[in-house]
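Written below as C-alpha cells is the structure these notes are about.
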Amino acid sequence: MKNRFFHFLILILVALTTTSCKNISEVDKSNKKLLLVSFTVLEDIVKNIVGDEFNVKSITKPGMEVHGYQTTPSDLIKGSRAEVFIDNGFGFELWAEKFVSNLKVKRITIANNLKPLFIGEDAYKGKPNPHAWISPKRGIIYVDTLSRALSELKPQSKTVFKKNAEIYKNKLLEIDEDFSLFLNTLKKNQKYLVSCEGAFTYLTNDYGLKEAYLWPVNAESQITPKRMAKVINLVKTNDIPAVFCESTVSSESQLAVARETGAKFGGNFFVDSLSEKNGPASSYIDLLNHNLNLIKQAYSTK
Ligand SMILES: [Zn+2]
C-alpha cells in the first residue's frame, strides 16, 4: 500500500516537470496503443512485425547499457500507459521484475519460448546466457513468438502480423544461409570466435563454432592476467586468425591479445544495443550483417 502511494506521488511529481511533460505528450500524440520494449534490438524486431498497428518504444536508447539500466519515473509513466511490456528475459534486464511489479501491464517475455544456453562461469554459473538474438536462427524464434503473442493481443491484425513476420523471417533466413555457406569454407583453426565478452554462445552453438572470451557476461571488471594468458594461449595454440571485441566495452585488452599473438583485431561487434541511425547497426538486420561481415572479413584474409 505504502509502495503504491509513493508510486502515485512520483507520477504526480514527474508530471509537473517540463522534461517529463514532453515525454507524456510524445506518448499521447499517437492514438495507437503503446508497446513498451526493453531494448532497441527488440524494439526494431517488434516494429517490423506490427508495422503501423501499434506505437512501439524502447525504454533504453541506442548505445545504452541495458543489463543494469536504472528505470526513471518517466519510464514508469510510459509503463502505466502501455498495452504491453516486452522484454528478452533470461535475466538480461536486471531491472524488469521490479519495473513491472509497479505496473498493471501485460507482459511478453521472449525467453519463455527459447531453449537456454548456459555460460557456466562466475556470477553466471547455472544462469542462462541472455544474448540469444545474436544468432539469426534464434532471431527467427523471436519473430514467431512475437507474431503469435501480438496476434492474441490484437486478433483483428493477425493477418498483417503474420505477413510482416514472414517477410522479415525470410531476410533472417537469407543471413543464416549465407553465413552457413561461408563457414563451410573455413579451416578448422578458423572455427573459433574470440570476443571480449561471453555474449556469443548462441551464435557459436548454432553454427558449429567454439566460443572464447576475456570475461563472462557483463563482467568487464573481471579481466585478470590469468584470463588474458588463457586466451593468448588458445589463440597461439590453435593459430586463430582474428580476435574481436564489442562496441560497448573497451577493446584495450583484446588489442593486447592481438599484439601478443599476431592475430588480427577484427573489430567491434554490436550486441546489447543498436547504433544510432547513421551508425553501422541501426537495425537488427544491420546488426547481424555488421557482426557476421566482421567475421567474414577477418577470416577471409588469412
Ligand atoms: Zn550484454
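Residue numbers (this note's numbering): 74 to 375.
By construction, the Cβ of each residue, glycine as well, lies at the ideal position given by its N, Cα and C atoms.
Inter-residue spacing [alpha-carbon to alpha-carbon] between residue i and residue j
i, j, result
"L346", "F317", "A small fix is needed here, since residue 346 is Ser in this sequence, not Leu. Rounded to whole angstroms, S346 to F317 spans 17 angstroms at the Cα level."
"S323", "A272", "15 angstroms"
"R296", "L287", "Sequence inspection shows Ile at residue 296; the Arg mentioned does not correspond to that position. In a straight line, the C-alpha of I296 is about 6 angstroms away from that of L287."
"K227", "L367", "39 angstroms"
"Q263", "V110", "37 angstroms"
"E270", "N362", "19 angstroms"
"A371", "F255", "12 angstroms"
"K171", "T144", "9 angstroms"
"M137", "P298", "28 angstroms"
"L259", "A315", "13 angstroms"
"F191", "L276", "13 angstroms"
Where the beta strand (DSSP E) containing residue i begins and where it ends
i, result
"S268", "Y265 to E270"
"E319", "A315 to E319"
"V110", "L107 to V110"
"Y286", "K283 to W288"
Per-residue DSSP class, three states only, for residue i
i, result
"I192", "coil"
"S208", "coil"
"I159", "strand"
"A336", "coil"
"N128", "strand"
"F165", "coil"
"F172", "helix"
"N366", "helix"
Beta carbon proximity, residue i to chain B, threshold 9 angstroms
i, result
"G352", "Going by chain labels, chain B is absent from the structure shown, which holds only one protein chain."
Beta-carbon separation (whole angstroms), residue i vs residue j, contact threshold 8 angstroms
i, j, result
"A238", "S220", "4 angstroms"
"E284", "L307", "That belief does not hold up - the Cβ atoms of E284 and L307 are roughly 11 angstroms apart, past 8 angstroms."
"V123", "L108", "7 angstroms"
Any non-hydrogen atom of ligand 2 closer than 8 angstroms to residue i Cβ
i, result
"F112", "In the structure on display, ligand 2 does not appear, and the ligands it does have are ligand 1."
Where the alpha helix (DSSP H) containing residue i begins and where it ends
i, result
"T182", "Careful: T182 lies outside any alpha helix (DSSP H), inside the beta strand (DSSP E) at K179 to T182."
"E116", "T113 to V123"
"L176", "That residue, L176, is in no alpha helix (DSSP H); it is neither H nor E in DSSP."
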